[in-house]
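Counting with my numbering, you get residues 1 to 594 for the letters of the first sequence.
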Amino acid sequence: MRSTSARRRVQRCPGLQMKDYIHSALREAHARCREQGRLSAECPPFLVEESRNPEHGELCSNIALAAAKAERKAPRMIADALLENLPDAGRRFTRADVGGAGFINFVLTSTSWHEELRRLLAASDPILNTSAPSGKRIQIEFVSANPTGPLNVVNARAASLGDSLTRILRALGETVDREFYINDAGHQVKLLGASVEARVRTLAGEPTSVPEGGYHGEYLRDLAAEILAREGHAALEHADSVEHYRDLAVRFMVALHRRSLEQLGVTFERWFSEREMHEDGRVWAALERLRALGHTYRTDAASAEDDDAAGEAEGPPPPTAAAGSAELLRTTAFGDDKDRVLVRSDGRPTYFLADIAYHLDKLNRGYDLLLDIWGPDHHGHIARMKAALAALGKPADAFDVLIAQQVNLIQNGERLKMSKRAGKFFELDALVGVTGADAARFFFVNRRFDSHLDFDVDLATSQTQDNPVYYIQYAHARIASVFTVYEERQGAPLALVPTLGALEPLALPEELGLIRALVSYPDTVKAAAAAYEPHRIATFLHELATKLQQYYQHHRFIVEDEALTAARLYLVRAVQNVLRHGLGLLGVSAPDRM
RNA sequence: GCGCCCAUAGCUCAGUGGAUAGAGCGCAGGCCUGCGGAGCCUGAGGUCGGAGGUUCGAAUCUUCCUGGGCGCGCCA
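See the structure below:
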């Protein structure tokens with residue numbers, strides 16, 4: 001299968017980034033110290049990062065602390081030795097000194113920050129493609145809800161997470177496809193078909209009750225009316241009526257899901273049918289693979305009472321089926337705490353076997369990394385799925401599961417209870433209808449996915465400063481508005497890329513602080529990608545918007561001094577670019593006007 | 001009983017082994033003739049659930065305990 005994610009072409013940034021510059025200067029200093037015999041061990045891995053506390057300079061490194069153990073020397077002594085040997089060919093920093101436990105702190109020249117800003121503005125993309133993509137083909141499977149009812153808020157959370165991860169990974173040059181697994185085989189969808197049939201018959205004047213355990217939702221009434229209108233009484237004459245209605249119902253429900261997800265701005269490269277896998281033999285093929293590898297075994301024949309369910313399996317029967325005995329996979333040999341059934345004693349495959357076949361199918365399609373997002377009620381399945389793939393000889397790092405935890409809805413400061421009355425609110429459509437897609441997307445990825453989420457519906461709906469998504473969007477719109485004013489007065493837009501000299505007037509702490517924040521953006525995105533945590537971007541954007549608002553509050557951008565005006569506008573344009581880019585990674589719009 | 005997730009300010013939550021643990025809301029007090037006040041500033045508020053361990057250094061890693069959520073089917 002082809003990748004639909006076109007590898008983004010990103011302009012490589014000219015010049016060396018400051019952190020890289022300091023990193024290599026420190027490595028050089030380390031090498032010199034070794035030549036002088038002041039240090040003996042290999043250079044350890046170390047970090048160069050932003051200082052949190054302004055008293056600790058602008059950037060800092062833990063190299064001396066990292067080296068302390070191997071050198072058996074106090075970190076401060078090592079730091080002093082490194083400082084004496086620290087090169088600065090580019091004259092990029094004005095101060096480098098040792099603080100605290102042995103950190104080396106750096107204060108950069110303003111010009112260094114101006115360079116950074118110019119590099120940002122010159123690049124076509126704020127990520128700058130500084131990281132090397134893994135080259136892996138990645139597939140993220142999420143939502144994959146049963147087609148028996150409407151999507152709910154947990155599905156919405158999983159959708160927001162999966163889609164944002166896709167956008168983040170793609171922004172870093174990775175190849176990613178999104179997939180939705182449709183559970184259109186088995187008992188539940190058959191029951192769905194029977195429920196629809198009962199509705200159609202009732203509407204046609206043949207009162208029929210919905211079967212035991214069937215589905216009663218309003219949405220099925222709509223479908224039944226549609227079927228009757230289209231097929232008339234012929235609808236009642238089908239020989240395989242349950243299958244007929246099942247197929248119609250599944251198609252209807254999948255379309256409903258697709259529409260709900262599109263409303264949230266989430267689309268998939270592929271919708272994968274479980275039933276097709278049963279029908280064309282891929283499920284039994286997976287079983288045969290496991291058999292051939294010697295990882296399956298049979299239980300003793302079961303009692304005769306199970307027999308009445310036999311023969312209901314979809315697709316061809318299992319090869320060499322042994323009537324009356326179940327077939328299990330020895331998952332305990334691969335870290336599971338219990339062996340798991342693959343084929344029931346009546347000959348039907350379990351959901352687990354189909355799932356194994358599905359994951360095998362994904363790997364056969366050429367994916368190197370499968371990322372599944374599951375609900376909290378499925379975490380018990382991780383061990384068995386990993387065991388199954390290990391049994392098939394697949395590498396352990398080819399499959400990972402993220403558990404998106406439950407969602408509590410908060411309204412009027414109180415937790416909404418799941419009930420018939422409130423139930424509607426737990427549906428994706430109802431929630432998004434109230435909050436809008438932007439707020440929903442932002443709130444769903446504003447927290448770590450593995451914590452329970454308290455979703456404050458009132459806050460998400462409010463158009464005030466308290467609502468973080470509006471606060472961030474507002475910062476973006478405000479910048480757009482500044483440019484409108486500037487262009488009206490100036491009669492011409494600002495040139496696209498400034499000269500270094502044009503940024504010279506930027507000297508305020510707020511200004512250099514904003515540049516520092518912008519420079520750290522690519523690291524934030526990389527960290528979010530590595531940990532599969534989009535919420536890091538949400539946090540970053542809120543901090544950046546805050547810095548912008550503070551700057552705006554205290555300083556006018558458009559002033560008498562034309563050179564100063566231009567410099568400030570270049571700065572806020574870079575801020576605007578990063579805000580727009582970051583919001584885009586979360587699937588949230590960046591409006592120019594609100 | 002076993003397994004997974006969680007526990008950080010009054011509330012909701014950030015915090016890739018680093019320095020004095022941060023933000024928003026709430027609370028107390030201040031700031032508006034301006035490019036969008038849908039804003040900004042100051043302050044109070046913490047034994048990072050508890051106890052050991054590893055480490056030069058632990059909210060972060062590890063063990064145990066406590067409390068909360070979820071899961072332990074030949075259901076999906």
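Glycine residues also receive a C-beta, built at the ideal position from the N, C-alpha and C atoms.
Extent of the continuous beta strand (DSSP E) to which residue i belongs
i	result
phenylalanine 180	175-182
leucine 287	Per DSSP, leucine 287 belongs to no beta strand (DSSP E); it is in the alpha helix (DSSP H), 282-292.
valine 341	340-343
asparagine 121	Position check: residue 121 holds leucine in this sequence, whereas asparagine was assumed. Run containing leucine 121: none in the beta strand (DSSP E); it sits in the alpha helix (DSSP H), 110-122.
serine 61	59-61
Alpha-carbon to alpha-carbon, residue j and residue i
i	j	result
serine 144	tyrosine 351	14 Å
alanine 159	alanine 194	29 Å
alanine 68	serine 40	11 Å
methionine 594	serine 110	35 Å
serine 134	arginine 170	11 Å
threonine 175	aspartate 458	37 Å
lysine 394	lysine 547	47 Å
glutamate 206	glycine 149	25 Å
aspartate 438	methionine 277	36 Å
glutamate 179	phenylalanine 442	22 Å
leucine 220	proline 376	27 Å
arginine 573	isoleucine 479	7 Å
alanine 70	aspartate 450	37 Å
glutamine 405	methionine 418	16 Å
arginine 365	glutamine 139	10 Å
glutamate 141	isoleucine 373	6 Å
arginine 52	asparagine 62	14 Å
glycine 436	isoleucine 537	20 Å
Continuous alpha helix (DSSP H) stretch holding residue i: start and end
i	result
aspartate 222	218-231
asparagine 152	Here asparagine 152 belongs to no alpha helix (DSSP H), and DSSP marks it neither H nor E.
serine 260	241-263
alanine 187	Per the sequence shown, the amino acid found at residue 187 is histidine instead of alanine. Histidine 187 -> alpha helix (DSSP H) spans 187-203.
leucine 82	75-84
arginine 441	437-444
Coarse secondary structure for residue i, derived from DSSP in three states
i	result
valine 98	strand
proline 349	strand
tyrosine 215	coil
glutamate 595	For the chain, the structure presents residues 1 to 594; residue 595 sits outside this window and is missing.
phenylalanine 93	strand
arginine 32	helix
leucine 431	helix
glutamate 276	helix
asparagine 467	coil
glutamate 49	strand
asparagine 105	strand
leucine 172	coil
valine 596	The question about residue 596 has no answer, for the chain in this structure spans 1 to 594.
threonine 208	coil
methionine 18	helix
proline 54	helix
valine 575	helix
aspartate 361	helix
histidine 581	helix
glycine 162	helix
leucine 586	coil
arginine 72	coil
alanine 145	coil
valine 266	coil
histidine 238	coil
arginine 489	helix
aspartate 336	coil
serine 600	The displayed coordinates of the chain run from 1 to 594. Any statement about residue 600 would go beyond what the structure contains.
Those residues which DSSP pairs with residue i across a bridge
i	result
tryptophan 271	Phe180
isoleucine 140	Arg178, Leu371
arginine 298	Glu327
glutamine 411	Glu414
aspartate 454	Asn408
### Message
Restricting to runs no shorter than 4 residues, where is the alpha helix (DSSP H) found entirely within the segment 502-568?
### Response
As summarised for the segment 502-568, the continuous alpha helix (DSSP H) elements at least 4 residues long and confined to that stretch are 509-519, 521-531, 535-554, given in chain order.
### Query
Can you list, in chain order, the stretches of the beta strand (DSSP E) that have 3 or more residues and sit fully within the segment 370-407?
For the segment 370-407, whole beta strand (DSSP E) runs of length 3 or above, ordered along the chain, are 399-403.
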